[in-house]
Amino acid sequence: MTATLSTLLWLIVVVTFGAVVPIVPTGAAVSGAAAYAAHQNPLYVLLVVVAGAGGAYVGDLAMYAICRWGGEQLARRLRWLRDPERMERMRKKLDERQVSVLLVSRLLPGGRVPVLLAAALMGLDWRRFAVTNLPACLLWSTVYAGIGIFGYAIFPEPWQSVVAAILLVLLISQIASMISRRREATAEAADVRPRQKEA
Numbered sequence: 001m002t003a004t005l006s007t008l009l010w011l012i013v014v015v016t017f018g019a020v021v022p023i024v025p026t027g028a029a030v031s032g033a034a035a036y037a038a039h040q041n042p043l044y045v046l047l048v049v050v051a052g053a054g055g056a057y058v059g060d061l062a063m064y065a066i067c068r069w070g071g072e073q074l075a076r077r078l079r080w081l082r083d084p085e086r087m088e089r090m091r092k093k094l095d096e097r098q099v100s101v102l103l104v105s106r107l108l109p110g111g112r113v114p115v116l117l118a119a120a121l122m123g124l125d126w127r128r129f130a131v132t133n134l135p136a137c138l139l140w141s142t143v144y145a146g147i148g149i150f151g152y153a154i155f156p157e158p159w160q161s162v163v164a165a166i167l168l169v170l171l172i173s174q175i176a177s178m179i180s181r182r183r184e185a186t187a188e189a190a191d192v193r194p195r196q197k198e199a
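Each residue of the sequence shown is one higher than the one before, counting from 1 in the UniProt record's numbering.
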C-alpha cells in the first residue's frame with residue numbers, strides 16, 4: 001500500500017508538471033500507472049483516475065493563471081488567435097459547451113494551451129473555469145486509464161502492460177497530431193483562397 005501511495009503521489013506530480021510544461025506525456029503516465037495498478041489490484045485503477053484528474057486539474061489551474069497573466073504576449077505567438085473570426089468561433093464554442101471543448105483540447109496534442117489561452121483572453125471567470133474544467137480532467141484521466149486497462153487485458157506481465165499502454169498513447173497522440181496539422185493546413189488554405197479572389 002505504501003508503494004501504491006508513493007506511485008500515486010508521483011503520478012500527481014508528473015501530471016501537474018506536464019500540464020504546465022506540455023512536453024511531458026501526461027496521458028502516457030496515467031495509462032502506464034493504470035496498467036500497473038490493474039495488475040496489483042483492479043480497485044487501484046480508480047485511485048489512478050482520481051490522482052491523474054487531480055494532477056491535471058491543479059496543472060490546468062496553474063496554466064490558466066499563466067494565460068491570464070501573459071495572455072496578450074502568448075497570443076501574439078499563436079497565429080490562429082490573431083484571427084478575429086477564429087477567436088469568435090472559439091468564444092462561441094466555449095460559451096455553448098465548455099466541458100466538451102476543454103475535454104477535446106486535453107485529448108488533442110497541442111490543443112489544450114490554445115483553448116486555455118482563448119478562454120483567458122475572452123475573460124472566462126475563474127470560478128466558471130474551475131467548475132467546468134473539473135469534469136473535463138476527470139473524463140480525460142478516465143480515457144487514459146482505460147487505455148492502460150486495455151494494455152493490462154492483453155499482456156500478462158505488469159511491465160508489458162505498462163509499455164504497451166505508453167506506446168499506444170504515443171501512437172494515438174501522433175495520429176491525432178497529424179490529423180490536427182492537416183486540418184489546420186486545410187483551414188489556412190481555405191482562408192488564403194478568398195483573399196486571393198478579393199485581390
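Note that CB positions come from ideal geometry on N, CA and C, so glycine has one too.
Check your understanding: G54: which of A38, I66, R89 and A130 sits nearest, CA to CA?
Key -> On the sequence shown, position 54 is the one that residue 54 refers to. Of A38, I66, R89 and A130, the residue nearest in Cα terms is A130.
- What is the rounded straight-line gap between the Cα of G52 and the Cα of G70? Taking the sequence shown and counting its residues from 1, the one referred to as residue 52 is at position 52. Taking the sequence shown and counting its residues from 1, the one referred to as residue 70 is at position 70. Going from the Cα of G52 to the Cα of G70 covers about 27 Å.
**Prompt:** In whole angstroms, what is the alpha-carbon distance linking T132 and Q98?
**Reply:** As a first step, residue 132 must be located in the sequence shown, where it is residue number 132. As a first step, residue 98 must be located in the sequence shown, where it is residue number 98. Distance between the alpha carbons of T132 and Q98 is about 6 Å.
- [ ] Kindly list the residues whose CB is nearer than 6 Å to the CB of A38, restricted to its own chain and excluding five residues on each side of it in sequence; keep chain order.
- [x] The residue you call residue 38 lines up with position 38 of the sequence shown. So the qualifying residues of the chain are V45, I149 and Y152.
Report task. Consult DSSP for I23 and reduce its assignment to one of helix, strand or coil. Result -> The sequence position of residue 23 within the sequence shown is 23, counting from 1. It is coil, neither helix nor strand.
Alpha-carbon to alpha-carbon, R128 and P42 = Walking along the sequence shown from the start, residue 42 turns up at place 42. Walking along the sequence shown from the start, residue 128 turns up at place 128. Distance between the alpha carbons of P42 and R128: 34 Å.
- A34 and V48: beta carbons closer than 9 Å? Taking the first residue of the sequence shown as 1, we reach residue 34 at position 34. Taking the first residue of the sequence shown as 1, we reach residue 48 at position 48. The answer is yes: Cβ separation under 9 Å.
Next item on the list: Return helix, strand or coil for G111, following the three-state DSSP convention.
Entry: For the purposes of this step, residue 111 is identified with residue 111 of the sequence shown, where counting begins at 1. Coil at G111, not helix or strand.
task = Determine the direct distance from the alpha carbon of R89 to that of S6, and round the result to whole angstroms.
result = Position 6 of the sequence shown holds residue 6. Position 89 of the sequence shown holds residue 89. Cα to Cα, S6 sits roughly 43 Å from R89.
| message | Please list the terminal residues of the continuous alpha helix (DSSP H) segment that includes N133. | response | Residue mapping note: residue 133 aligns to position 133 of the sequence shown, counting from 1. From DSSP, the alpha helix (DSSP H) with N133 extends over W126 to I154.
Just the C-alpha distance for V104 and G111, rounded to the nearest angstrom, thanks. Along the sequence shown, one-based indexing puts residue 104 at 104. Along the sequence shown, one-based indexing puts residue 111 at 111. Going by the C-alpha atoms only, they are around 8 Å apart.
Assuming contact is defined by CB atoms lying nearer than 9 Å, are A56 and W140 in contact in what I supplied? Position 56 of the sequence shown holds residue 56. Position 140 of the sequence shown holds residue 140. Cβ distance < 9 Å, so A56 and W140 count as in contact.
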